[in-house]
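Okay, so the sequence shown: first residue is 200 according to our numbering, each after it adds one. One structure is given here, and the rest of the page talks about it.
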Amino acid sequence: MTVKTLKDNVALVAGVVLPLLLILIVWGSQKIAEMAVADPAYTLVYSDLGTSGGRGFFEVRVKDGHIVVRAKKQKTEGNYTATSHPTLVAVNATTGEKKTVELTMPDNAVEGEFVDMPVPEPFASMTIHKGDTAPDGYTVVDSYRFHGGLARDVFGGRQRGGLFISKNGRNILVATREPYWRVIDVLGWSEP
């Protein structure tokens, strides 16, 4: 195409360039807004109860700022057995460091009754700020289909479900939910 042809078709050139420029401006403003948000100052702590065998056999909660774990043995009626063990997880989203401890049934567990069990380190020494929102403003977003902004909404793309932390447009994937029926319970936030 020559310059004369472009001058003759100004409306066509503007019709192609202006929408692309608008998309670039919107995408750039989203990226600038994300980069302006400070890194998370707290570590997210959650329990991953797996796809079966977690809930009902283990109870993980926060009491007075500390994690409490209780367990009960499964009744022996029927053929159902637990196929996964629950896990305590602490994720520092800034560094990507993940600490995990798998929970196992204690020897003193009673069939059909909950018994307290010791909380393994490093979780026993953590002080937990309970809730979905950290003191620094990051919030947990638990979603099977997470939308990542205008560009992804317009053009599609891979949208994964899972556990995100979010603040002012910045979204950080903490854990995937594969398969989507995986049971993840947010316990709260700990100082790193």
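We put the CB at the ideal spot given by N, CA and C, even for glycine.
(1) Within 10 angstroms of its Cβ, does Ala-323 collect 16 or more other Cβ (buried), or is it exposed?
(2) Who are the near neighbours of Val-370 in its chain, counting only those whose CB is closer than 6 angstroms to its CB and skipping five residues on each side?
(3) Tell me, please, whether the region 254-266 touches the region 314-329 by the rule of three or more beta-carbon pairs shorter than 8 angstroms.
(4) I'd like the list of long-range same chain contacts for Glu-233, defined as Cβ closer than 6 angstroms, with 5 residues on each side in sequence excluded.
(5) DSSP three-state label for Thr-204, please.
(6) Cα separation between Arg-357 and Thr-375?
(7) Within 10 angstroms of its Cβ, does Gly-387 collect 16 or more other Cβ (buried), or is it exposed?
(8) With DSSP run on the structure shown, which of helix, strand or coil describes Glu-296?
Considering the structure as presented:
(1) exposed
(2) Residue 370 is actually Asn in this sequence, not Val. So the qualifying residues of the chain are Phe-363.
(3) yes
(4) Gly-368 and Arg-369
(5) helix
(6) Bear in mind that a pLDDT of 49 at Arg-357, under 50, signals an unreliable position, so the number given afterwards is only what the model happens to contain. Rounded to whole angstroms, Arg-357 to Thr-375 spans 13 angstroms at the Cα level.
(7) buried
(8) coil
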